[in-house]
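Quick notes on the structure that follows.
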Amino acid sequence: MERLPGLLGDILPSEQSDESPVLKSFDLAGAAEYMAHCSNVIVMCGAGISTSAGIPDFRSPGTGLYSQLAKYDLPFPEAIFQMDYFCQNPKPFFLLAKELYPQKFTPTPAHYFIRLLNEKGKLLRTFTQNIDSLERIAGIPPDKIVEAHGTFFTAHCLNCRKEYSLEQVKEIIFKDEIPYCDACKGIIKPGRFPSRTLLFSSIIV
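Just so you know, numbering that gives the first Met the number 0 puts 132 at position 133 of the sequence shown, and the rest follows in order with no gaps.
Written out as structure tokens, the structure is:
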């Protein structure tokens, strides 16, 4: 909460302004009172809303995902999420996917707050960089979610693009096996459609 004044500074009048302040107080109560009068709220989510669920972010020293990838003997940490490396050696990605699979984690209060915004008729859309699918698990309607880096809830064959469900792919991954398409034997990739990177990409797929 100590960061709230800085984060909201752009919507507050300067000391010299004669305008009435948007927020009556720089705390959670002030923000809640303001949002009570808002509609069409857009929420933008990053890794921070899932860390309290036990899902690591990327770059925190010692605990971030990149610091935990040494056991996979990668040429560099980001390789595990790049398509070229995945096609050559998909095993490390699916071992990591098993550790991060959505149904192993529970949504956080932040996820349920977004759901509450929707139940109150205020949520226009939530944009998320996360691939943990905790927004869906929390009960936010899929049509209100834009999963910029993909999702574990669906998967597609890289060759024929046949779609597979979360449960179909999970069963294979939890056997420490690589999922192959039953139609063409291509590798199945979590996410919506094939792209240069798998998930966590800097490109919206």
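All C-beta atoms in this analysis are idealised placements derived from N, C-alpha and C, irrespective of residue type, glycine included.
Can you have a look at residue i and say buried or exposed, based on whether 16 or more other CB atoms are within 10 angstroms of its CB?
i           : result
residue 87  : exposed
residue 150 : buried
residue 159 : exposed
residue 168 : buried
residue 141 : exposed
residue 24  : exposed
residue 117 : buried
residue 19  : exposed
residue 178 : buried
residue 28  : exposed
residue 152 : buried
residue 83  : exposed
So which of the options has the shortest CA-CA distance to residue i?
i           : options               : result
residue 119 : 31, 46, 89 and 25     : 31
residue 184 : 53, 156, 29 and 172   : 156
residue 53  : 177, 103, 130 and 148 : 103
residue 42  : 63, 55, 90 and 144    : 144
residue 70  : 83, 90 and 51         : 90
Short check: CB of residue i to CB of residue j, under 8 Å?
i           : j           : result
residue 186 : residue 163 : no
residue 107 : residue 66  : no
residue 44  : residue 121 : no
residue 113 : residue 146 : no
residue 154 : residue 189 : yes
residue 64  : residue 72  : no
residue 172 : residue 93  : yes
Can you find at least 3 beta carbon pairs, one from the region 94-101 and one from the region 109-129, that sit closer than 8 Å? Flag = no, the region 94-101 and the region 109-129 do not touch.
Sequence ranges, alpha helix (DSSP H) only - wholly within the region 67-114, length at least 4: Listed in chain order, they are 82-87 and 90-98.
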